[in-house]
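Residue numbers (this note's numbering): 50 to 437.
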């Protein structure tokens with residue numbers, strides 16, 4: 050049994066996700082309007098670049114299915130990869146090199162999430178403090194809000210996207226040193242009963258893998274294009290620039306509140322309700338595109354995508370067991386990534402064809418709702434048996 054204190058463990062996980070997800074995963078979104086204004090990217094090119102990033106994310110998640118490398122080395126090495134790939138985005142204007150850099154950031158971000166979602170979550174469960182998982186995953190929203198606020202300041206002062214990429218790259222490299230110094234082998238020690246198990250009951254697993262993957266395709270449209278959608282409604286960066294920080298703040302607050310929800314409702318009840326709220330958040334700007342509905346979308350989607358993520362990961366741990374959830378978590382993360390690959394590219398293509406985000410937003414709303422049916426029809430949340 051690990052003796053890692055639960056609160057420092059949660060704070061370290063929170064800090065890791067601030068930089069790995071806030072920078073490695075999401076920083077492209079608030080930088081996109083600046084890169085567009087500089088004439089560096091079109092909407093369809095941005096969508097393709099985002100999809101390449103998610104290809105890397107999927108590959109990282111698939112690597113996590115059978116991850117045998119030392120978790121601490123994986124975590125530190127992946128943070129280093131996030132920092133270097135982010136710096137590379139500011140060091141060149143070559144689209145080919147951007148593709149490589151965003152792909153690498155995707156691989157590294159997924160590996161970090163798999164490590165955090167298994168080892169950190171397991172340590173908190175062993176310490177009797179599963180409620181601190183909300184603090185850990187609040188790092189995603191906090192990182193998103195932080196990068197959004199920094200970019201708001203940069204846009205207000207006319208600072209280039211190159212400076213933005215380099216600034217965030219240096220921050221990620223500094224975080225790598227921080228995590229290397231503060232993490233310890235005890236945190237990543239194997240659980241006493243952590244033998245190789247099969248997730249078992251494929252039909253049961255796919256009832257949660259499928260909607261989790263569709264959620265990746267649905268939420269990623271505003272997660273990629275929200276600042277652009279806001280900019281189309283109002284040109285001032287001091288107004289449209291708040292869309293992404295609001296998205297992140299909603300995500301951070303929602304993860305802290307979700308612990309209370311889990312005391313009353315099941316993982317699947319929270320998941321279904323939150324995903325339906327997310328669908329509504331996509332539908333609003335599709336029906337009436339303006340700054341008010343885009344802001345509502347930021348709150349609805351930002352305030353639910355991490356709640357769904359946490360409910361999904363909790364369900365994976367419940368079904369497979371805390372010590373044996375890595376495979377199922379990685380499979381879900383891979384499905385999520387596959388959804389993210391399709392979302393930005395298809396939405397960008399639809400936008401170029403129609404001149405509006407309404408069509409992809411309506412299509413994503415329908416998919417988000419329909420994908421919940423297999424899970425809703427299977428009301429018995431029985432634990433998956435492990436293969437012996």
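All C-beta atoms, glycine included, are put in the ideal place defined by N, C-alpha and C.
- For residue 213, the number of other beta carbons within 10 angstroms of its own is at least 16, and it is reported as buried.
- Taking every protein chain shown into account, the CB of residue 309 has fewer than 16 other CB atoms within 10 angstroms, so this residue is exposed.
- In the three-state scheme derived from DSSP, where H, G and I count as helix and E and B as strand, residue 141 is classed as coil.
- DSSP places residue 303 inside the alpha helix (DSSP H), whose first and last residues are 292-310.
- In the structure shown, residue 421 falls within a coil segment according to DSSP collapsed to helix, strand and coil.
- Residue 206 sits exposed, since fewer than 16 C-beta atoms from the chains shown fall within 10 Å of its C-beta.
- Between the beta-carbon of residue 228 and that of residue 65 there is about 6 angstroms, and that keeps the pair under the 8 angstroms contact cut.
- Judged by beta-carbon spacing, residue 128 lies beyond the 8 angstroms limit of residue 196, meaning their Cβ atoms are not closer than that value.
- Residues 183, 356 and 359 of the same chain have their beta carbon placed closer than 6 angstroms to that of residue 307, with the five preceding and five following residues left out of the count.
- Taking each of 259, 185, 146 and 424 in turn and checking the Cα distance to residue 383, the smallest one comes out for 259.
- In this structure, the straight-line span from the alpha carbon of residue 399 to that of residue 106 is close to 23 angstroms.
- Residue 414 and residue 317 have their C-alpha atoms roughly 19 angstroms apart.
- One thing to note: residue 147 has its Cβ within 8 angstroms of the Cβ of residue 98.
- CA-CA distance, residue 63 to residue 364, rounds to 21 angstroms.
- Nearest to residue 201 by C-alpha distance, out of 142, 83 and 418, is 83.
- Counting the other Cβ atoms within 10 Å of the Cβ of residue 138 gives 16 or more, which makes it buried.
- According to the DSSP assignment, residue 316 belongs to the alpha helix (DSSP H) that extends over 316-336.
- Around residue 328, the same chain offers 414, 417 and 418 as residues with beta carbons nearer than 6 angstroms, after the five sequence neighbours per side are excluded.
- Assigned with DSSP and collapsed to three states, residue 313 falls in coil, not helix or strand.
- Residue 334 is positioned such that its CB atom lies closer than 8 angstroms to that of residue 410.
- For residue 222, the CB contacts under 6 angstroms within the same chain, skipping 5 residues up- and downstream, are 132 in chain order.
- When the five nearest sequence neighbours on each side are left out, the beta carbons in the same chain lying within less than 6 angstroms of the beta carbon of residue 80 are those of 210 and 213, in order along the chain.
- Taking the Cα positions, residue 124 is about 43 angstroms away from residue 337.
- Here DSSP, grouped into helix, strand and coil, assigns residue 97 to helix.
- Here residue 55 is near residue 178, since their CB atoms are less than 8 angstroms apart.
- Taken in chain order, the complete alpha helix (DSSP H) segments of 4 residues or longer contained in the segment 117-178 are 120-140, 144-164 and 170-175.
- In the three-state scheme derived from DSSP, where H, G and I count as helix and E and B as strand, residue 76 is classed as coil.
- Residue 287 counts as exposed, since fewer than 16 other C-beta atoms from the protein chains shown sit within 10 angstroms of its C-beta.
- DSSP places residue 54 outside both helix and strand once states are collapsed to three, so it counts as coil.
- Put simply, of 341, 104 and 354 the residue whose alpha carbon is nearest the alpha carbon of residue 321 is 354.
- Of the candidates 186, 164, 142 and 342, the residue whose Cα lies closest to the Cα of residue 281 is 342.
- Residue environment analysis places residue 254 among the buried positions, since at least 16 neighbouring C-beta atoms fall within 10 angstroms of its C-beta.
- For residue 192, the enclosing alpha helix (DSSP H) has its first and last residue at 182-205.
- Three or more pairs of CB atoms, one per stretch, sit closer than 8 angstroms, so the segment 384-392 contacts the segment 262-274.
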